[in-house]
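Worksheet: one structure, shown below.
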Amino acid sequence: MRIERLNINLVCDTNLFYISGWFVCWYSRQALSSLDPTQQQQLLVAGSAVAVGGLLTCYYWVYQGTKTKRIPIGDGWWGAGEKPQSEDEKVFPFQVQTSDEEIQDLYDRIDRTRYTEPLKDTGFQYGFNSTYLKKVVSHWRHQFNWKKQIAILNKYPQFKTNIEGLDVHFIHVRPPHREGQRVLPLMLVHGWPGSVYEFYRILPLLTDSLDSLAFEVICPSIPGYGFSEAPHKQGFDTLAAARVFHKLMERLGFSGYYLQGGDWGSIITTNMAQMKPECVKGLHLNMLTNKLRGFGVLFSILIGRYLPWLFGFTREDVRRLFGSVGFMERNFYEIIRETGYLHIQGTKPDSAGCGVNDSPVGLAAYILEKFSTWTDFNNRDLEDGGLERKFTLDDLLTNIMIYWTTGSIVSSMRFYKENLKTNIDNRLDNNTGVYVPTGLAAFPNEVRHVPQSWARDRFRNIYSYSYMPRGGHFAAFEEPQLLADDLLQFVKKVEKL
Numbered sequence: 001m002r003i004e005r006l007n008i009n010l011v012c013d014t015n016l017f018y019i020s021g022w023f024v025c026w027y028s029r030q031a032l033s034s035l036d037p038t039q040q041q042q043l044l045v046a047g048s049a050v051a052v053g054g055l056l057t058c059y060y061w062v063y064q065g066t067k068t069k070r071i072p073i074g075d076g077w078w079g080a081g082e083k084p085q086s087e088d089e090k091v092f093p094f095q096v097q098t099s100d101e102e103i104q105d106l107y108d109r110i111d112r113t114r115y116t117e118p119l120k121d122t123g124f125q126y127g128f129n130s131t132y133l134k135k136v137v138s139h140w141r142h143q144f145n146w147k148k149q150i151a152i153l154n155k156y157p158q159f160k161t162n163i164e165g166l167d168v169h170f171i172h173v174r175p176p177h178r179e180g181q182r183v184l185p186l187m188l189v190h191g192w193p194g195s196v197y198e199f200y201r202i203l204p205l206l207t208d209s210l211d212s213l214a215f216e217v218i219c220p221s222i223p224g225y226g227f228s229e230a231p232h233k234q235g236f237d238t239l240a241a242a243r244v245f246h247k248l249m250e251r252l253g254f255s256g257y258y259l260q261g262g263d264w265g266s267i268i269t270t271n272m273a274q275m276k277p278e279c280v281k282g283l284h285l286n287m288l289t290n291k292l293r294g295f296g297v298l299f300s301i302l303i304g305r306y307l308p309w310l311f312g313f314t315r316e317d318v319r320r321l322f323g324s325v326g327f328m329e330r331n332f333y334e335i336i337r338e339t340g341y342l343h344i345q346g347t348k349p350d351s352a353g354c355g356v357n358d359s360p361v362g363l364a365a366y367i368l369e370k371f372s373t374w375t376d377f378n379n380r381d382l383e384d385g386g387l388e389r390k391f392t393l394d395d396l397l398t399n400i401m402i403y404w405t406t407g408s409i410v411s412s413m414r415f416y417k418e419n420l421k422t423n424i425d426n427r428l429d430n431n432t433g434v435y436v437p438t439g440l441a442a443f444p445n446e447v448r449h450v451p452q453s454w455a456r457d458r459f460r461n462i463y464s465y466s467y468m469p470r471g472g473h474f475a476a477f478e479e480p481q482l483l484a485d486d487l488l489q490f491v492k493k494v495e496k497l
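Numbering follows UniProt numbering, in which position 9 of the sequence shown is assigned residue number 9; successive positions increment by one, without gaps.
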């Protein structure tokens, strides 16, 4: 029944798209008469092309786009050696630990750091400014207390269990019992260069709430990140992570649950929804991805800022997509300037990784630059990168220490290689719709904005789409209250509360 409704909606949408294309021809003469003849002709041609594109889009959606509803679950073995006849499914407690020797080794390495002086007035435009880096490192060396931060890390129950040959780490927080309060299971999945520590500020908002609804939260570390064991074989990608996390939830006794993710977590949880939609009650994302292809997207880029209503754009969409610099600057050149790391990690992660795995200061500069820029691109103009506007140095350094003490930076970087070995656009998951109830939180300083009209290309059952008032890429870490509130309102819509 749901699929029939989707087909009807798609036919209506594409018929409207077809008719509106011809309407552009009339509207461009009546309402845009102030444009010069060349601009009017361009809009007339665009309107005709949009109409033709509507017919092609209609064919794609109705006859092609509804063929595949899910992706295969598959199986894997990522442990050392051969897969045994049976797997140990025990779940055992885990706590973060350290030693005086580990801390002293860190101090010795910090004390031997060789710095390079920054160029004048560059801020963070060339990367992490070494003047400010010295301040961060001084705090790390003399004020930061790793044992104190470990106590904070251990305040939530942590566990490990072996899945597909890997010891998978996760946090499991149950809410206190409150009479009449409904409790729903929720998995939160982080990305790079983050960790489960990103969720420590949002966990109490989700689990210890006086609202009629609370969550039992599971936060796994992606294998190869932090306290989860790294894969010993090639090929561990988001699909493998999605399957492992489904197995984790099944092992914990859950048959239906909500998912939330950003960065790699958004792709992993999306894959989970595509693999076993019957288990996913709802999917909430704070990083959206879509393909910039097809007639509809092409023409929305060309004339969307002039005729936003034609493509389902709001004024806020236009502001975020085009701004004052135009679409190409904001969504192409800006992205190229900020994705050098992706090309390195997607091709030769071990080469770059060997340096940052050996130098704690190099590791801090490499990771913290992302927490500056991805929080707000304008931070590149500041000598301190704006880092302490949203975060404390202790919080940032705790995330660094998780990578440092586990030696997991290289294996986390390899995750890019595994996912980018082939053309990701040709992967089955990128050509399969998502049909579970979906909530999308669009933060204004996210690396890239995806309007709801574009998101519908992939997410076919959107329950909520929110323009968040502030915040960037690390939503749970930056704006935990905003993210928690949006997640809660989405779940209430799905549960009809």
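From the three backbone atoms N, C-alpha and C, an ideal C-beta is built for every residue, glycine too.
Tell me which same chain residues have a C-beta within less than 7 Å of the C-beta of residue i, skipping the five on either side of it?
i	result
G407	N357
W481	Checking the sequence, you will find Gln at residue 481 rather than Trp. For Q481, where only same-chain residues beyond five positions count, the Cβ hits under 7 Å are L205.
Q489	S464
D429	I71, L239, N271, Q274
I163	V244, K247, L248
Rounded C-beta distance between residue i and residue j? I'm assuming under 8 Å.
i	j	result
S212	R182	6 Å
G326	V494	Not confirmed; about 38 Å, so no contact.
T98	W140	Contact doesn't hold; Cβ gap of about 15 Å is too wide.
E198	A476	5 Å
F474	F371	7 Å
S195	N399	5 Å
P444	L106	That belief does not hold up - the Cβ atoms of P444 and L106 are roughly 37 Å apart, past 8 Å.
C219	S255	Not really, about 20 Å apart at Cβ, beyond 8 Å.
R320	H449	4 Å
Rounded to whole angstroms, what's the CA-CA distance from residue i to residue j? Just pull it up for me.
i	j	result
V318	I303	11 Å
I110	N423	40 Å
V96	N154	6 Å
R70	F313	29 Å
P93	N426	40 Å
E418	G262	19 Å
K247	W77	13 Å
L310	L186	37 Å
W264	G123	28 Å
G169	P451	This sequence places His at residue 169; Gly is not what is there. Whole-angstrom Cα-Cα distance: 35 Å.
S138	Y132	10 Å
K160	V91	6 Å
V297	W454	7 Å
H343	Q260	26 Å
A230	I222	9 Å
A151	H284	30 Å
Y200	L307	43 Å
I402	F295	45 Å
K496	L440	18 Å
H172	V189	13 Å
D167	V447	32 Å
Going by beta carbon distance, what residues of the same chain come within less than 6 Å of residue i, once the five residues before and after it are set aside?
i	result
Q345	M413, Y416
E479	G471
E216	R174, V183, P185
L252	none
Q149	T398
Go through its chain and collect everything with a Cβ distance to residue i's Cβ below 8 Å, but skip five positions before and after it.
i	result
Q125	R380, D381
F144	L393, D394, L397
F322	G304, R305, R330
T373	F124, E338, N379, R380, G385
E369	F124, G127, F128, G385
K492	L213
Could you work out which residue in the options is closest to residue i when comparing CA atoms only?
i	options	result
N129	R141, Y115, L342	Y115
P157	L203, K148, K492, T113	L203
E334	V491, Y435, D376	D376
K134	D485, E87, E82, G362	G362
E102	T438, A441, W404	W404
A484	E278, T207, G74	T207
S411	L420, P349, P437	P349
R112	P118, N461, Q104	Q104
R460	Y435, N286, V447, M468	Y435
N315	I409, S86, Y467	Correcting the residue type first, residue 315 is Arg in the shown sequence and not Asn. Nearest C-alpha to R315: Y467.
S266	V136, A442, I367, G81	A442
W192	I367, M328, F391, E383	I367
Considering only DSSP beta bridges, list what residue i is partnered with.
i	result
F459	V434
W284	A small fix is needed here, since residue 284 is His in this sequence, not Trp. The partner list for H284 (beta bridge, DSSP) reads Q260, G439.
L214	Reading off the sequence, residue 214 comes out as Ala, not Leu. V183, per the DSSP bridge assignment.
H172	I218
K417	None; K417 has no bridge partner.
V189	G261
L166	I163
Q158	F94, I171
Y467	A442
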